[in-house]
Amino acid sequence: MKTPTRTLGIVSTVAGLALLAGCASGDPLESGASGEQETIVVGSQDYYSNEIIAEIYAQALESAGYEVQRDFRIGQREAYLPEIEAGRIDLFPEYTGPLLLVWEPDTAGGTAEEIYDALVEAAPDGLRVLDQSDASDQDSYVVTRDFAEQYGVTTIADLASVPVPITLGGNSEGENRPIGPAGLKSTYGVDVAFTPIEDGGGPLTVKALLDNQVQLAVIYTASPSMASADLVALEDPDGFMLASHVVPIASDKLDDTAAALIDKISAAMSAADLVALNTESVETQAPAATIATAWLASHADDLQ
Amino acid sequence: MNWVAANLAQVMALLFAHIAITIPAIVLSVAVAVPLGRLAHASGRARGSILATTGVLYAIPSLPLLIVIPIVFGLPLRSPATMIIALTVYGVAMLARSAADAFAAVPPDAVTVATATGHTPAGRFLHVELPLAMPVLIAGTRVVAMSTIGLATIGALIGIPSLGSLLTDGFQRGIAAEVATGIVLTLVLAAVVDGALWLTGRVSQPWSHIVRETRSASL
Amino acid sequence: MNLVGETLLWLADPLHWTGPDGIPTRLAQHVGLTVVVIAIASAIALPIGAWMGHTRRGEVTIATLVNGSRALPTLGLVTLFALWLGIGVRAPIIALVILAVPSIVAATYSGISSASRPAVEAARALGHTSWQTLSRIEAPLAMPTIGGGLQSALLQVVATATIAAYVADVGLGRYIFAGLKSRDYPEMLAGSVLVILLALVVTAAAAGVGRLYRRLTNPERTPE
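Chains as they are written, first to last, in the working numbering: chain B, 1 to 304; chain V, 305 to 523; chain F, 524 to 747.
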């Protein structure tokens, strides 16, 4: 009976190889994801807009001759920040306000400049906060235009006087964050129920708003849905939502040349640019790589 | 499918990532479950505890298992090895009972004859029991392969790239074509692996062509 | 281990037992979702499986569908239908029904078609119509197999109903997703412990129902 033995032999060999392959790729070494010293690990959130920005960084670094490893779509801040702080990620596009809230929960807030300065101060050792960009992608509380007109709400504070019960829709992690229901209550005295919608302010959130399944939603200012679905972002006079400019967080592995390049990218990216990038992603459904390449090409002069 | 054409590189990369975590898991599941099943068959007491344990393992929801494994094994959270181990756990849970039944289906006479003709226990296992248990083992492995390939998509929820990443990205951007691509490719991969396993079954049992029976093993 | 302790603490916290996000509510939602899915899936699958089993047609189709449904990613179906239907339970229900139907069809087919041939032929000889043969002979003989199929479908739905929480605010899966997103591991593990316990309880209950049924329909007890 040679065949079964042969089969068994093949199976064992494959199993052995698979085991080796599995061990090799699952290398539990804490320091850096690859063995090379020169490789820069660029990470991104599990958010398509953030992925585009990270891809722009990655491609720019590659054109400048650096070795880049992409580690995209890691998750939410709770998931990736520990990895950044542990030095496993070398470059990551973050947002000033929300990150400051994590590193300094009792921050007084303030203008965009003040928040940036506070962020630089609060950054842990081993991490550098590069220049912030004009591009910003802010959490904002959003209602439909109909809702705004019917109840006359223009600011978040107005929500407190709305007679109907309000349900807030947003990502799960938003429920426990300072800008979630608890913060709404303490800063503006607004009571909201919470319903989780895990698409980062995407199409399901918009649909839920339009279907009146939720009355209030967290949608990012750079989202294409704001314009396309005629949504109203509520004003935030108490500075409840901190300014949220795109800011690259870098480890010490990034040399000055690379940092300067990234700073140029930040300077070249305007707020309108980010909205355009996101719109393009949703409308053309192109992958982040394509959109990033196009943006870099059209801004080649700014990056010299 | 315009979307697929425009995103072919990304899709292919995710397909390979998916294969890289599922194939090792399937192979490992077989490598662990077959001996385990043989053990369960041999010893009545072992059978009870092995099957009870695997039954409970099967009920564990996949997401938490993916989080617990790195903690227990000290692996980085998003390492592909985490996924492979988790998938193997489910694979073993599914296959162990099947394997035990497979060995139970081996005619005791064949085993007796093998011993009588001087086979060592190992030789008996390799040359007699395993081949005779093959049909049920192959059927069980096909089931495990299907489930593993489908389950691997969950990894996308914790940042492990796979075809599941097409599902979460499509969800975020509202691109139904992307979600559909993820589903279809998973099914296609499963069909290919299933076909390969079926072929392995045919090749390893040349005598099965002769026997004409309604095969209800696939149900 | 610290994590185990924290999970137990989470479960013991009385705050987690009250309110719309409390364990009783989530448990009820989870069970309700499971029941609805099994009911709809059975309503679809039992007739189809019974007819196919009775006419002994379509075995290959069933096998293919059952295999395929194993590889079908639950997450994919749920997100696809959610994109179409929005948040809420409708999308998960459709997805879970699609996943449960094939295995119930297969078990029904298997049970009905393997009803003892002599009994079926005797029924035909006695002039039973197809429907009578099916309902009086094949179905009762098939009950154990069908019951087994329903039991495993039940277990499968209880486990995969956790995914429903990705697009709807229902079920024990909420603890898992909320814990996952905020990296609140005790919450996540507590949620999974609850799902496992529910699965075990449901399995035991189903087995109990099966035993009860067998006792009630035991031919030796039927007065002749």
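By construction, the Cβ of each residue, glycine as well, lies at the ideal position given by its N, Cα and C atoms.
Since residue i meets chain V, which of its residues come closer than 9 Å, beta carbon to beta carbon?
i                : result
ARG70 (chain B)  : Within 9 Å Cβ-Cβ: nothing; ARG70 (chain B) doesn't reach chain V, min ~10 Å.
LEU678 (chain F) : TYR362 and ALA363
ALA665 (chain F) : In chain order: nothing, as chain V lies at least about 13 Å away.
Since residue i meets chain V, which of its residues come closer than 8 Å, beta carbon to beta carbon?
i                : result
ILE74 (chain B)  : ARG382 and GLY463
ASP230 (chain B) : Under the 8 Å cutoff, chain V gives no residues; its nearest Cβ is about 17 Å from ASP230 (chain B).
My guess is that residue i and residue j are in contact by the Cβ rule of under 8 Å, so how many angstroms apart are they, rounded?
i                : j                : result
LEU678 (chain F) : ALA363 (chain V) : 7 Å
VAL120 (chain B) : ASP71 (chain B)  : Going by Cβ atoms, the distance from VAL120 (chain B) to ASP71 (chain B) rounds to 24 Å, so no, they are not a contact pair.
SER508 (chain V) : GLY444 (chain V) : The Cβ separation is near 14 Å, so there is no contact.
ALA638 (chain F) : ALA665 (chain F) : 6 Å
LEU234 (chain B) : VAL143 (chain B) : 7 Å
ALA618 (chain F) : THR597 (chain F) : 6 Å
GLU67 (chain B)  : ALA289 (chain B) : Not a contact, Cβ separation roughly 17 Å.
For a contact defined as C-beta to C-beta under 9 Å, what are the partners of residue i on chain F?
i                : result
LEU127 (chain B) : Within 9 Å Cβ-Cβ: nothing; LEU127 (chain B) doesn't reach chain F, min ~19 Å.
THR457 (chain V) : PRO596, THR597, LEU598 and GLY599
VAL440 (chain V) : Chain F residues near VAL440 (chain V): none, gap ~15 Å exceeds 9 Å.
ILE453 (chain V) : ARG593, ALA594 and PRO596
Which residues of chain F have a Cβ atom closer than 7 Å to the Cβ of residue i, listed in chain order?
i                : result
LEU471 (chain V) : PRO596, LEU598, GLY599 and THR602
PRO203 (chain B) : LEU606
MET450 (chain V) : ASN590, ARG593 and ALA594
VAL447 (chain V) : ARG593
GLY588 (chain V) : A question about residue 588 (chain V) goes unanswered here, because the residues of chain V that appear run from 305 up to 523.
ALA484 (chain V) : LEU603
Going by C-alpha to C-alpha distance, which of the options sits closest to residue i?
i                : options                                   : result
ARG580 (chain F) : F:THR602, F:ILE635 and F:PRO537           : F:ILE635
SER172 (chain B) : F:THR683, F:ILE719, F:PRO641 and F:GLU710 : F:GLU710
PRO547 (chain F) : F:TYR736, F:VAL693 and F:ARG738           : F:VAL693
THR683 (chain F) : V:PRO411, V:SER451, V:LEU467 and V:LEU340 : V:SER451
GLN45 (chain B)  : B:ASP199, B:GLY239 and B:LEU303           : B:ASP199
ALA217 (chain B) : B:GLU175, B:GLU85 and B:ALA54             : B:GLU175
ALA123 (chain B) : B:ASP252, B:ASP238 and B:TYR57            : B:ASP252
MET438 (chain V) : V:ILE375, V:LEU399 and V:PRO368           : V:LEU399
LEU466 (chain V) : V:MET387, V:LEU361 and V:TRP307           : What sits at residue 466 (chain V) in the sequence shown is Ser, not Leu. Ranking V:MET387, V:LEU361 and V:TRP307 by Cα distance to SER466 (chain V) puts V:MET387 first.
TRP502 (chain V) : F:THR587, F:ILE699, F:ALA648 and F:ALA728 : F:THR587
ILE84 (chain B)  : B:TYR47, B:ALA286 and B:GLY126            : B:GLY126
Please list, in chain order, the chain F residues whose beta carbon lies closer than 8 Å to that of residue i.
i                : result
PHE475 (chain V) : THR602, ALA605 and LEU606
Using 7 Å as the limit for Cβ to Cβ distance, is residue i near chain A?
i                : result
SER333 (chain V) : The displayed structure is made up of protein chains B, V and F, and chain A is not among them.
Cβ closer than 7 Å: which chain B residues qualify as neighbours of residue i?
i                : result
ILE479 (chain V) : GLN285
ARG706 (chain F) : GLU78 and ALA79
TYR689 (chain F) : GLU198
ASP536 (chain F) : Near ASP536 (chain F) there are no residues of chain B at all, since even the closest Cβ is about 15 Å away, more than 7 Å.
Run through chain B and tell me which residues come within less than 9 Å of residue i, C-beta to C-beta.
i                : result
ALA310 (chain V) : THR284, GLN285, ALA286, PRO287 and THR290
ALA701 (chain F) : SER172, GLU173, GLU175, ASN176 and PRO196
ILE669 (chain F) : The contacting residues do not exist; ILE669 (chain F) stays about 36 Å from chain B at best.
List, in order along the chain, the chain V residues whose C-beta lies closer than 7 Å to that of residue i?
i                : result
SER715 (chain F) : ILE364, PRO365 and PRO368
ALA749 (chain F) : This structure leaves residue 749 (chain F) out entirely; chain F is present only between 524 and 747.
VAL718 (chain F) : PRO365
Point to revise | At least three beta-carbon pairs within less than 8 Å, the region 384–393 of chain V to the region 331–343 of chain V | key: yes
Check your understanding: Using a beta-carbon distance cut-off of less than 7 Å, what residues from the region 257–281 of chain B approach chain V?
Key -> SER281
Check your understanding: Should the region 471–483 of chain V be called in touch with the region 417–435 of chain V, which here means at least 3 C-beta pairs below 8 Å?
Key -> no
Check your understanding: Can at least three beta-carbon pairs, one atom from the region 54–73 of chain B and one from the region 85–101 of chain B, be found at a separation below 8 Å?
Key -> yes
Practice item. With 7 Å as the C-beta to C-beta threshold (strictly closer), list the residues of the region 206–221 of chain B near chain F in chain order. Key: LYS207, ALA208, ASP211 and GLN213
Check your understanding: Counting pairs of Cβ atoms below 8 Å between the region 104–115 of chain B and the region 482–498 of chain V, do you hit three or more?
Key -> no
Check your understanding: Three or more beta-carbon pairs under 8 Å between the region 204–220 of chain B and the region 608–621 of chain F, yes or no?
Key -> yes
**Study point:** Contacting positions in the region 490–501 of chain V - beta carbon closer than 7 Å to chain F
**Key:** THR490, LEU491, ALA494 and ASP498
Practice item. Count the CB pairs spanning the region 333–353 of chain V and the region 290–301 of chain B that are closer than 8 Å, and state whether there are at least three. Key: no
**Study point:** Three or more C-beta pairs below 8 Å linking the region 476–496 of chain V and the region 311–330 of chain V
**Key:** yes
Review point. What residues in the region 44–63 of chain B have a beta carbon less than 8 Å from any beta carbon of chain V?
Key: ASP46, TYR47 and TYR48
Check your understanding: Are at least three pairs of beta-carbons, each pair with one atom in the region 235–252 of chain B and one in the region 264–275 of chain B, less than 8 Å apart?
Key -> yes
Exercise for review: Anything in the region 566–583 of chain F with a Cβ closer than 9 Å to a Cβ of chain B? List those residues in chain order, please.
Suggested key: none
Exercise for review: Decide yes or no for the touch test of the region 71–81 of chain B against the region 694–709 of chain F: beta carbon pairs closer than 8 Å, at least 3 of them.
Suggested key: yes
Review point. Below 8 Å, can you find three or more Cβ-Cβ pairs linking the region 457–469 of chain V to the region 540–556 of chain F?
Key: no
Check your understanding: Does the region 121–140 of chain B come close enough to the region 96–106 of chain B to have 3 or more Cβ pairs within less than 8 Å?
Key -> yes
Point to revise | contact_flag[the region 248–264 of chain B, the region 155–171 of chain B] where n(CB pairs < 8 Å) is 3 or more | key: no
Review point. Which residues, in chain order, does the region 550–565 of chain F contribute to contact with chain V at a C-beta distance below 9 Å?
Key: none
**Study point:** Three or more C-beta pairs below 8 Å linking the region 712–720 of chain F and the region 341–358 of chain V
**Key:** no
Check your understanding: Can at least three beta-carbon pairs, one atom from the region 406–413 of chain V and one from the region 365–373 of chain V, be found at a separation below 8 Å?
Key -> no
Practice item. Determine contact between the region 485–495 of chain V and the region 618–634 of chain F, defined as no fewer than three beta-carbon pairs at a distance below 8 Å. Key: no
Exercise for review: Report yes or no: do three or more beta-carbon pairs, one from the region 181–196 of chain B and one from the region 158–166 of chain B, lie closer than 8 Å?
Suggested key: yes
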